[in-house]
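So in the working numbering, spot 44 of the sequence shown is number 77, and the numbers just go up one at a time.
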Amino acid sequence: MRLAALPLILLATPLMAETGYSCTFTVECAAAGECGPADRVAEIGISGEDTWIFLSETAGQLPGSRLSGHGPALPFAAFGTGPASALLTINSDRTALLSQHPGDGGAVTYFGTCEATQ
């Protein structure tokens with residue numbers, strides 16, 4: 034049923050998005066080190082200077098920033114209202130790492146892949 038909401042996320046990205054990424058995360062690791070299966074999606078919409086990140090089907094768009102870095106990796110940061118933040122890195126081989134920091138010390142890291150969208 035989670036995938037049924039995915040088209041709604043894609044419609045919510047900026048209409049003039051030039052590029053973007055659709056990511057699926059299949060492994061979740063808690064800050065304490067315990068890992069297990071995950072079923073998570075994230076979408077990134079990029080239009081000019083604007084970057085929007087959707088971390089779930091139910092969360093609204095978060096303003097994001099592409100971070101400068103060295104090499105072929107694409108690092109992004111997103112900040113919600115309050116102390117929560119997220120870091121998302123897409124590597125040149127399409128593997129991806131999403132690290133969510135809710136502000137209460139319970140950080141979670143997700144591992145998966147991303148595909149470019151047009």
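C-beta: ideal position from N, C-alpha, C; glycine also.
Listed in chain order, the non-local C-beta contacts of Phe112 below 6 Å within the same chain comprise Ser118, local neighbours out to five positions each way being set aside. Here DSSP, grouped into helix, strand and coil, assigns His134 to strand. Judged by DSSP in its simplified three-state form, Pro105 adopts coil rather than helix or strand. Around Thr142, the same chain offers Cys62, Ser132 as residues with beta carbons nearer than 6 Å, after the five sequence neighbours per side are excluded. For Arg99, the enclosing beta strand (DSSP E) starts and ends at 95-99. Non-local C-beta neighbours of Pro105 in its own chain, meaning closer than 8 Å and more than five positions away in sequence, comprise Asn124, Ser125, ordered along the chain. No residue range can be given for Asp126, since it is assigned to no beta strand (DSSP E) and is classified by DSSP as neither H nor E.
In the three-state DSSP reduction, Ser89 falls in the coil class, being neither helix nor strand.
Ala149 is classed as exposed because its beta carbon has fewer than 16 other beta carbons within 10 Å across all chains shown.
DSSP places Ala117 in the coil class of the three-state scheme, outside both helix and strand. Straight-line measurement puts the Cα of Glu82 at about 23 Å from the Cα of Leu130. In the DSSP assignment, Gly66 falls outside any beta strand (DSSP E), carrying neither H nor E.
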